[in-house]
Amino acid sequence: MHSRSVLFHVDPDKVQTIKDWPVPRTQEELHSFLGLTGYVQRFCPEYASLTASMFALLKEKNKRNAKIHFSDEQLKNFKELKRRLCNPPVLHLSDFRRLMHLRTDARRFAVGGILFQDVDGVERPIAYTSRKMKSAELNYPTQQQGLLAIVHPLAAFRIYCLDKPPIIETDHKSLEGLFTSQFFNATPNIYSLFQADYAIRITDRAGNDLSSTVAITVEGGLTREYTSIGK
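As structure tokens, this is what we get:
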């Protein structure tokens, strides 16, 4: 199968602006910086993780011109965010004739994923997504956070995922015991999302030492395969 790849790049003017941006000294300056980077977050893996501590500074009830002081962690994240956005990955236009892959992750206080396609053994990233966990979600057991890490990217990339089921790659330990009545009773919002689009049927199928598969049957006869990657 041959296809012509269409590439997406960050606007060079935005890259230069981000590169030249000094360490914010007020809430207003930080708000402007995060607003700018938010426009190009689809190019940045782990955007939510890197910006969470900075967004926390905006929640303090101060005037917009109030002085702020970065902690060592915030300064480190600020510099890393600038580094990534000044050297962003090239994103590709999706080829709907090919299989989609969705690699998900939940860590610390954020969930996210990367949508990509494998073309002749080369991963072509299509988009990144991430978000900070809500207060209640931070208290989820590891397994529930693992499912949340699947749900958020599926919702974000819904237009790509409904027509042709993607292969979802995630930590296999996070999948163990996820789809139980007790879990869905405890997390009705997640259940309602799945219930809306999926007729859920779980089967475990033995894989090699590094992987196993959980299959979810989608309405219309399609099957989404959740391939778990062993640690």
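In numbering that gives the first Met the number 0, the protein residues as written are 0 to 230. The C-beta atom is built at its ideal place from N, Cα and C for all residues, glycine as well.
Asked	Found
Going by other Cβ atoms of all chains shown within 10 Å of its Cβ, with 16 needed for buried, is Asp104 buried or exposed?	buried
What are the boundary residues of the alpha helix (DSSP H) that includes Glu27?	26–37
What do you get for Ser70, buried or exposed, if any count of 16 or more other CB atoms within 10 angstroms of its CB means buried?	exposed
Kindly give me the distance between the Cβ atoms of Ser52 and Glu27, rounded to whole angstroms, as I take these residues to be in contact under 8 Å.	18 Å between Cβ atoms; not a contact.
Looking only at its own chain, which residues have a Cβ that is under 8 Å from the Cβ of Cys85, when we skip the five neighbours before and after it?	Val14, Ile17, Lys18
Which residues in the same chain as Ala109 place their Cβ atom closer than 8 Å to its Cβ, once the five residues preceding and following it in sequence are excluded?	Glu45, Ala47, Ser48, Ala51, Ser129, Arg130, Lys131, Met132
Taking the alpha helix (DSSP H) that Ala65 falls in, what are its first and last residues?	Where Ala65 is concerned, there is no enclosing alpha helix (DSSP H), given that its DSSP letter is neither H nor E.
At what residues does the alpha helix (DSSP H) containing Gln145 begin and finish?	The sequence shown places Gly at residue 145, rather than the Gln named in the question. First-last of the alpha helix (DSSP H) with Gly145: 141–155.
Taking a contact to mean a Cβ-Cβ separation below 9 Å, would you say Pro87 touches Val39 in this structure?	yes
Take the Cβ of Asn138 as the centre, count every other Cβ of all protein chains shown within 10 Å, and call the residue buried at 16 or more, exposed below.	exposed
Decide if His78 is buried, meaning its Cβ has at least 16 other Cβ atoms within 10 Å, or exposed.	Rather than His, the amino acid found at residue 78 in this sequence is Lys. Flag for Lys78 reads exposed.
Going by the DSSP bridge assignment, what does Asp104 pair with across the sheet?	Gly111
Can you tell me where the alpha helix (DSSP H) with Lys75 in it begins and where it stops?	71–85
Using a Cβ-Cβ cutoff of less than 6 Å, which residues in the same chain neighbour Ala155 once the five nearest sequence positions on both sides are dropped?	Thr128
Taking 9 Å as the threshold (C-beta atoms), are Lys163 and Leu231 in contact?	For residue 231 there is no data in the structure shown, the boundaries of the chain being 0 and 230.
Specify, as a first and last residue, the run of the alpha helix (DSSP H) that Ser134 falls within.	134–137
Going by the beta-carbon positions, is the gap between Arg107 and Phe115 smaller than 9 Å?	no
If we ignore side chains and look at the alpha-carbon of each, how far apart do Leu33 and Ala126 end up?	19 Å
For Asp12, which option in His30, Pro23, Thr36 has the closest C-alpha, if you only look at C-alpha atoms?	Thr36
Nearest to Ile113 by CA position, among Phe42, Phe95, Gln143, is which residue?	Phe42
According to DSSP, simplified to helix, strand and coil, what is Pro11?	helix
State the Cα-Cα distance for the pair Phe54 and Thr25, rounded to the nearest angstrom.	13 Å
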